[in-house]
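Comments concern the structure below.
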Amino acid sequence: MASKSKQEWNETTLQATLKRFPERQERFDFTSGDEIQRLYGPEDLAGFDYAEGLGYPGEFPFTRGVQPSMYRGRFWTMRQYAGFASAEESNRRYRYLLEQGQTGLSIAFDLPTQIGYDSDHPMAEGEVGKVGVPIDSLQDLEVLFEEIPLDKVSTSMTINATAPILLAMYIALAKKQGVPVEKLDGTIQNDILKEYIARGTYIFPPRPSLRLITDIFKYCSASVPRWNTISISGYHIREAGATAAQEVAFTLADGIAYVQAAVDAGLDVDAFAGRLSFFFASHNNLLEEVAKFRAARRLWARIMRDRFRAKDPRSWMLRFHTQTCGCTLTAQQPDNNVIRTAFQALAAVLGGTQSLHTNSRDEALALPSEESVQIALRTQQIIAYESGVAETVDPLAGSYFVESVTNSLEAQARQYIEKIDAKGGALPAIEQGFQQHEIQESSYRYQTDVETLKRTVVGVNRFVAPYPKLSGLLRIDPVEARKQRERVIALKRSRDNARVAAALKQLEATAKGSENTMPAFLECAEAYATLGEMCDVLRRAFGEQKEFVVF
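The sequence shown begins at 0 in numbering that gives the first Met the number 0 and counts up one residue at a time.
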């Protein structure tokens, strides 16, 4: 008997079944709004070239992974994003996480550190140590990494506007520890464009900010070769309300802008592209997220090979860190967040991530407690050691559904990139409010679906229960903020202020000129100039960015 086509099956077998068992009356769609079909089959991949579209793991176009062996060779780096109260308290948390089996550090900085103010500045009042660790100077970094040798850990720093300053402090600390800088392994986020799109922790106008980024590219390619000089972030774009397709498109469009800026500054693309990395969110729709990661890899490989003419296969690879989605965590029934995080982490692993942070169950209420952080880390370890999904590379490859959605997301993302190109690129599009407006529209649609019950959020709009009485939430002692302010004031009195003044003067001259700024930042860091002092110099040289107004 000849096999039925999907259309014949729908018209005969399915219709007969639906007379007895009607389908649920709710929406079946992706975050982008595309309808999820009832069934996927060979017809949905008609004309798809498996050799060109899939290839093998570790080979162009890297749909199936950037390494031939993937997790059979080594697991992804297990990071837990952490930082709070003070350098001392954060150091204790880092050492605790390393003892629990974490394999890389991920530093969260407080808001004043992110936007360039010292802890004793009036603008920092009430924010010191609240959402991350305060770092005012090299002195704080010395405390933060006490008993943690920098040649033994990979460190990720979520920092953008002040990225060159924190990197300079980290390099200065390595020198003090006697660690050769060429052995430093880690990442700075250093992605300022997404700050203008979705997050808001910018300081300077875009064009001088791009110069600081390309200065880091140049400096690290020559002096810190193992360092990932940027983590181009879709995470915050997704958190702001973007769809999966928008997350890929807007992130890669930013990546295109950074690569073009570096090429325009005279860098050979293959000299720096291999150290670019990316940062994505993992949302609730498990299979859409798997397809998203695969589509992003394939699209970036083609962009780098065909658009920028990169010749080194390492320049074609999209290596990425993933964080489970904070915006999906609920204050209602917070234990449900453990389950959400587990599925989101599984999607990241099935999608081939190189690094992963799992959010904690109590993050909708407070910074995570040690107990919650341990559960989040154990989630990764159970996926790695017990689930079996890491035993083979790209286990969902060939699925009619996954391959069809991968193709669709790639096509949607490419269309968005073409629209951004038509506006002159990522930065002009940001200045016109294009990405911001698209995200606002998607966010509104999603929230409307939740409020009208077209989309279920368990414990929020269905299966509701009384709020539990929670105990053990982490609370930041205000004494820590006072101690931090006192420490930076004491430092400013005790250091060699003549050396600091000379270093800051040189930084200002460099910023107003055209030389690479990283050596000047390093001299300031080694002199114990503070982050706020360096940012004040740059404010004078570059000016400050005002918020983009989107109509």
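Heads up, the beta-carbon is just placed ideally off N, CA and C, and yes, glycines get one too.
Since this is a predicted model, take the numbers as computed values, not measurements.
Proximity to residue i [Cα-Cα], best of the options
i	options	result
Val-499	Pro-518, Arg-484, Ala-489 and Glu-522	Glu-522
Pro-148	Leu-172, Lys-18, Val-404 and Leu-166	Leu-172
Phe-47	Pro-204, Ala-107, Asp-361 and Thr-405	Thr-405
Phe-319	Ser-276, His-282, Ala-346 and Arg-360	Ser-276
Asp-135	Thr-200, Ala-252, Ala-272 and Ser-118	Ser-118
Thr-228	His-235, Ala-241 and Thr-213	Thr-213
Ala-107	Gln-6, Asn-159 and Pro-205	Asn-159
Ser-513	Gln-36, Leu-211, Ser-359 and Val-457	Leu-211
Arg-454	Ser-2, Thr-327, Gln-544 and Arg-237	Thr-327
Ser-371	Ala-396, Thr-340 and Met-69	Thr-340
Leu-209	Leu-490, Lys-291, Leu-426 and Arg-413	Leu-426
Ile-236	Asp-190, Thr-16 and Arg-225	Asp-190
Residue(s) in a DSSP beta bridge with residue i
i	result
Asp-28	Glu-34
Ala-107	Thr-157
Asp-184	Ser-153
Val-457	Arg-461
His-436	Answer is none; His-436 lacks a bridge partner.
Val-132	Phe-108
Phe-307	Answer by DSSP bridge pairing: none, since Phe-307 is not bridged.
Ser-354	Thr-76 and His-320
Ser-281	Thr-323
Per-residue DSSP class, three states only, for residue i
i	result
Ser-232	strand
Asn-159	coil
Arg-78	strand
Phe-541	helix
Glu-146	coil
Met-0	In this predicted model, Met-0 has a pLDDT of only 48, less than 50, meaning its place in the structure is not dependable; the value taken from the coordinates is given anyway. Coil.
Gln-6	helix
Gln-322	strand
Ala-264	coil
Leu-328	coil
Ser-222	helix
Asp-48	coil
Phe-59	coil
Residue-level contact to chain C via CB, residue i, 9 angstroms cutoff
i	result
Ile-134	Within the model displayed, chain C is absent; a lone protein chain is all it includes.
Counted within 10 angstroms of its Cβ, other Cβ atoms place residue i as buried (16 or more) or exposed
i	result
Asn-336	buried
Ala-295	buried
Gln-446	exposed
Arg-293	buried
Pro-41	exposed
Leu-38	exposed
Gln-14	exposed
Gly-82	buried
Gly-128	buried
Lys-217	buried
Pro-465	exposed
Ala-241	buried
Met-0	Its pLDDT being 48, under 50, Met-0 is placed unreliably by the model, and the measurement read from it follows with that caveat. The residue is exposed, with fewer than 16 neighbouring Cβ atoms inside 10 Å.
Beta-carbon proximity check, residue i vs residue j, cutoff 9 angstroms
i	j	result
Ile-255	Gly-424	yes
Phe-144	Gln-176	yes
Val-577	Glu-88	With the chain covering only 0 through 550, there is no way to say anything about residue 577.
Val-348	Ala-375	no
Ala-197	Ala-260	no
Gln-353	Val-65	yes
Leu-166	Phe-520	yes
Ala-162	Ile-215	yes
Gly-273	Ser-314	yes
Thr-186	Ser-222	no
Gln-56	Val-392	Contrary to the premise, residue 56 reads as Pro rather than Gln in this sequence. Yes, the pair counts as a contact, with Cβ atoms nearer than the cut-off.
Leu-537	Ala-510	yes
Thr-323	Ala-280	yes
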